[in-house]
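Engineer: Quick one: this structure, given as structure tokens, is what I'll be asking you about.
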Amino acid sequence: MNDTTRSSSSRADHVYYSVRDDIFEMRLLPGDRLTEGSIAERFGVSRTPAREALQRLQSDGLMRGYVRGGWEVVPIDLKRFEDLYEMRKLIETFAVGRLVAADSSLSGSVQQVLDRLDATWKVPRAQRIRDGREMVALDEAFHQALVTAADNAELSAAMQRVTDRIRVMRRLDLVYGDCIDETYDEHIAILDAIRNRETERSVALVGRHIEGSRSEVRGLTAERLQHARTAMEPHGAPYAPPRSRRTT
Numbered sequence: 001m002n003d004t005t006r007s008s009s010s011r012a013d014h015v016y017y018s019v020r021d022d023i024f025e026m027r028l029l030p031g032d033r034l035t036e037g038s039i040a041e042r043f044g045v046s047r048t049p050a051r052e053a054l055q056r057l058q059s060d061g062l063m064r065g066y067v068r069g070g071w072e073v074v075p076i077d078l079k080r081f082e083d084l085y086e087m088r089k090l091i092e093t094f095a096v097g098r099l100v101a102a103d104s105s106l107s108g109s110v111q112q113v114l115d116r117l118d119a120t121w122k123v124p125r126a127q128r129i130r131d132g133r134e135m136v137a138l139d140e141a142f143h144q145a146l147v148t149a150a151d152n153a154e155l156s157a158a159m160q161r162v163t164d165r166i167r168v169m170r171r172l173d174l175v176y177g178d179c180i181d182e183t184y185d186e187h188i189a190i191l192d193a194i195r196n197r198e199t200e201r202s203v204a205l206v207g208r209h210i211e212g213s214r215s216e217v218r219g220l221t222a223e224r225l226q227h228a229r230t231a232m233e234p235h236g237a238p239y240a241p242p243r244s245r246r247t248t
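If you read the sequence shown in full-length UniProt numbering, its first letter stands for residue 1, the second for the next number, and so on.
In structure tokens:
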């Protein structure tokens, strides 16, 4: 579909979601540079919707502009991710503490959430998902479900914003790291503690789980990012110029 057959808004939406998916799927990696012109050409749109899409991605904390229509996928900033993980820990420990500390027994809706999570995570070891990208989606759904179960819409929205901003780093962790079995085991322990209404243990397990993930973030090196670049090179986004080898 070309630029004349969509509204300006729908064209910008199409570019926005497509480029965002390329970042989340690591077809574009932190530090990759591209231009408004290359995006416009790739999607058959004018520069205006391309610029609008990039500005939205900048608001999401995924892209940043520099000079003369140039843009860059936000490089890895470990201090920023440390801050995001601290916020994530505050949100999740509060939500889980609220779930378990209720005066009455767990509500039917919370029980249903736990049942669905049990079906995903309490499986024989041989049936555990080994695909890192699929694991990222499952992991995000697990944590979002627990926060959503606390029945606070603003808390859920804040959690989703944090999740969107740490997704690239989590993918580097789960796709190129070696923490899948640990993730399963820790999720199971958290679910059991919530079911048993062990408030302090539930909160402590969630906190340690997030700290473990944050520790992995600290250990992410330029070499691992370079490994991701090499592995993803054949599948790179076709509208991106040659990748910069600079990592931050």
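Heads up, the beta-carbon is just placed ideally off N, CA and C, and yes, glycines get one too.
Keep in mind the model is a prediction, meaning the values are calculated, not measured.
(1) DSSP three-state label for Leu138, please.
(2) Pop quiz: Ser213 and Val96 are said to be a contact at Cβ under 8 angstroms. What is the actual Cβ separation, rounded to whole angstroms?
(3) Below 8 angstroms on the Cβ atoms is my guess for Ala145 versus Leu106; work out the distance and round it to an integer in Å.
(4) Is it a yes or a no for the stretch 180 to 199 touching the stretch 113 to 128, going by three-plus beta-carbon pairs under 8 angstroms?
(5) Alpha carbon to alpha carbon, how far is Arg161 from Asp32?
(6) Checking 8 angstroms against the spacing of the C-beta atoms, do Ile39 and Val67 come in under that value?
(7) For the alpha helix (DSSP H) that Met87 lies in, which residues bound it at each end?
(8) DSSP state of Met63, grouped into three classes?
(9) Can you name the residues that DSSP bridges to residue 249?
(10) Kindly indicate which three-state DSSP category Thr247 falls into: helix, strand or coil?
Structural biologist: According to the structure shown:
(1) Walking along the sequence shown from the start, residue 138 turns up at place 138. Correct three-state label for Leu138: helix.
(2) Along the sequence shown, one-based indexing puts residue 213 at 213. Along the sequence shown, one-based indexing puts residue 96 at 96. Ser213 to Val96, Cβ: 15 angstroms. No contact.
(3) Looking up residue 145 in the sequence shown gives position 145. Looking up residue 106 in the sequence shown gives position 106. Rounded, the Cβ-Cβ distance is 14 angstroms, inconsistent with contact.
(4) yes
(5) Translated into positions along the sequence shown, residue 161 becomes position 161. Translated into positions along the sequence shown, residue 32 becomes position 32. About 22 angstroms.
(6) Numbered from 1 along the sequence shown, position 39 holds the residue referred to as residue 39. Numbered from 1 along the sequence shown, position 67 holds the residue referred to as residue 67. It is not a contact, given that the beta carbons lie outside the stated cut-off.
(7) Counting from 1 along the sequence shown, the entry for residue 87 is found at position 87. Here the alpha helix (DSSP H) through Met87 covers Leu78 to Val100.
(8) For the purposes of this step, residue 63 is taken as residue 63 along the sequence shown, with counting starting at 1. Here Met63 sits in strand by DSSP.
(9) The displayed coordinates of the chain run from 1 to 248. Any statement about residue 249 would go beyond what the structure contains.
(10) Taking the first residue of the sequence shown as 1, we reach residue 247 at position 247. Only weak support is given to the placement of Thr247: the predicted model assigns it a pLDDT of 40, under 50, and the value that follows is read from those uncertain coordinates. The three-state reading of DSSP puts Thr247 in coil, since its state is none of H, G, I, E or B.
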